[in-house]
Amino acid sequence: MSSDSTATSTITKRPRRLRRTETLRRMVRETSLTVDDLIYPMFVMEGEQQKVEIASMPGCYRFTLDLLLNEITEVYKLGIGAIALFPVIAESKKDDTGSESYNALGLVQQTVKAIKQAVPDIVVITDVALDPFTTHGHDGIVNENGVILNDPTVEVLVKMALSQAEAGSDMVAPSDMMDGRVGAIRKALDEAGYIDTRILAYSAKYASAYYGPFRDALSSAPKFGDKKTYQMDAANAKEAIKEVALDIAEGADIVMVKPALAYLDIIRQVKDYTNIPVAAYNVSGEYAMIKAAAQNGWIDEKKVILETLLSIKRAGADLILTYFAKEVALMLHK
Ligand code: PBG
11 MSSDSTATST ITKRPRRLRR TETLRRMVRE TSLTVDDLIY PMFVMEGEQQ KVEIASMPGC
71 YRFTLDLLLN EITEVYKLGI GAIALFPVIA ESKKDDTGSE SYNALGLVQQ TVKAIKQAVP
131 DIVVITDVAL DPFTTHGHDG IVNENGVILN DPTVEVLVKM ALSQAEAGSD MVAPSDMMDG
191 RVGAIRKALD EAGYIDTRIL AYSAKYASAY YGPFRDALSS APKFGDKKTY QMDAANAKEA
251 IKEVALDIAE GADIVMVKPA LAYLDIIRQV KDYTNIPVAA YNVSGEYAMI KAAAQNGWID
311 EKKVILETLL SIKRAGADLI LTYFAKEVAL MLHK
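Read in order, the letters of the sequence shown are residues 11 to 344 in the numbering used here.
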């Protein structure tokens, strides 16, 4: 006789047996989240001794290089193995073609060199896209009719990736969505002897409203139009596989889906399609929503963060770029 008096003899399967204690639950847990899964996106700006909070991303800052190095030293000690670097470029250095992006003495190049000296083991991932560097805020070169030109943009992206590799970047991450850029970058890196510089390809990157807070952080919102002629249409899943297949054929070491939460199905499909590592970007708008609800006392922030990141792992991501990385590392240490 069961001790549960409501049980009937017709119940033979009792999944709840394995949920009775935390130890049992840990035994049968299918998915885990560890600090090894996390990549921390960080913002660098020019100047000294400054740390400015991003209004729409509470808890995230733009750091000047000196303070960024302290922060990176701290997060590395917490076990975070990789950071993704994004620069805030002074308006005076922006132009139509984003030429500051391949300045050997530019902000990104100097920052990479300094990080690799201060914390040599941390994996530095650099963003390859023109939007932080262009006056118009698009990820590519624009013609007089407002059309984003693919092949001339790829030429600049190649220069940018090479100058990042020269500065010591461990992994270049094209986030622009121009056609053919992964292959062009791979070829140029190999020819210049950077055979070990890896490529993290933003392969299935959607034209998403969830990027809003990030564009605030970089002051990089497009001055006209939108990014729908290069970033993907939210309705398309098969196309994500097409993009992933191309990037793998062109030499990507890791492929990425972005954003993460509204695209968990895409993460799963990409994971099932390929055996190379899959990353997902838990983007700025996803971060901002959780922060806003938590600040209002409407949700339990820590639990929601862990549940959210676990869902991205469960969907199939091996790696997660997330602004929660430091908070999660602190939580997992306790
Ligand atoms: C641009 C870029 C964007 C993000 C990363 N790289 C924004 C965009 O495509 O407009 C967004 C990241 C985020 O929202 O957290 N190359």
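We put the beta carbon where it would ideally sit given N, CA and C, even for glycine.
The structure displayed is predicted, hence computed values, not measured ones.
Let me know the secondary structure DSSP gives L342 once reduced to three states.
Taking the first residue of the sequence shown as 1, we reach residue 342 at position 332. In this structure, L342 counts as helix in the three-state DSSP scheme.
Does any heavy atom of ligand 1 sit closer than 8 Å to the C-beta of A327?
Here residue 327 refers to the residue found at position 317 of the sequence shown. Result no, Cβ not under 8 Å from ligand 1.
So for S12, helix, strand or coil by DSSP?
Start at 1 with the first residue of the sequence shown, and residue 12 comes out as number 2. Note that S12 scores a pLDDT of 48, beneath 50, so its modelled location is shaky; the value from the coordinates is reported in the next line. Look at S12 here: in three-state DSSP terms it is coil, with no helix or strand label.
I7, enclosing beta strand (DSSP E) - first and last residue
Given that the chain is displayed from residue 11 to residue 344, the structure contains no residue 7 and the question cannot be resolved.
Per the DSSP calculation, T121 is bridged to which residue(s)?
The sequence position of residue 121 within the sequence shown is 111, counting from 1. Answer by DSSP bridge pairing: none, since T121 is not bridged.
Check whether the stretch 192-204 and the stretch 258-276 are in contact - that is, three or more C-beta pairs closer than 8 Å.
Put simply, the stretch 192-204 touches the stretch 258-276. At least three CB pairs are less than 8 Å apart.
Considering only their Cβ atoms, is the gap separating A290 from L331 smaller than 9 Å?
To locate residue 331, count along the sequence shown from 1; it is residue 321. To locate residue 290, count along the sequence shown from 1; it is residue 280. Yes, these two residues count as a Cβ contact at 9 Å.
Once the 5 residues before and after T163 are set aside, which same chain residues still bring their CB inside 6 Å of it?
Start at 1 with the first residue of the sequence shown, and residue 163 comes out as number 153. Beyond the five residues adjoining it in sequence on each side, T163 comes within less than 6 Å, by CB distance, of G150, I151, M188 in the same chain, given in chain order.
Could you tell me the alpha carbon to alpha carbon distance between L79 and T22, rounded to whole angstroms?
Here residue 79 is taken as the residue at index 69 of the sequence shown, counted from 1. Here residue 22 is taken as the residue at index 12 of the sequence shown, counted from 1. Taking the straight line joining both Cα atoms gives about 59 Å.
Are the Cβ atoms of A171 and V118 separated by less than 9 Å?
Here residue 171 refers to the residue found at position 161 of the sequence shown. Here residue 118 refers to the residue found at position 108 of the sequence shown. Their beta carbons are not under 9 Å apart, which means A171 does not touch V118 by this criterion.
Just the C-alpha distance for E154 and Y240, rounded to the nearest angstrom, thanks.
Counted from its first residue, the sequence shown places residue 154 at position 144. Counted from its first residue, the sequence shown places residue 240 at position 230. One C-alpha to the other measures close to 17 Å.
For I64, which residues in the same chain have their Cβ closer than 6 Å to its Cβ, ignoring the five residues on either side in sequence?
Working through the sequence shown from its first residue, we reach residue 64 at position 54. For I64, where only same-chain residues beyond five positions count, the Cβ hits under 6 Å are C70, A227.
Pair within 9 Å by beta-carbon distance, S294 and G222
By 1-based counting over the sequence shown, the position of residue 294 is 284. By 1-based counting over the sequence shown, the position of residue 222 is 212. Contact flag set, yes.
Look at the alpha carbon of K215 and the alpha carbon of N292, and state the distance between them as a whole number of angstroms.
Position 205 of the sequence shown, counted from the start, is the residue given in the question as residue 215. Position 282 of the sequence shown, counted from the start, is the residue given in the question as residue 292. Between the C-alpha atoms of K215 and N292 there is a straight-line separation of about 12 Å.
Can you tell me the Cβ-Cβ gap for K268 and Y212, rounded? I've got them flagged as a contact below 8 Å.
Indexing the sequence shown from 1 puts residue 268 at position 258. Indexing the sequence shown from 1 puts residue 212 at position 202. Confirmed, about 6 Å.
Would you call the CB atoms of F53 and V98 closer than 9 Å?
If you number the sequence shown from 1, residue 53 lands on position 43. If you number the sequence shown from 1, residue 98 lands on position 88. With respect to V98, F53 sits close: the two C-beta atoms are nearer than 9 Å.
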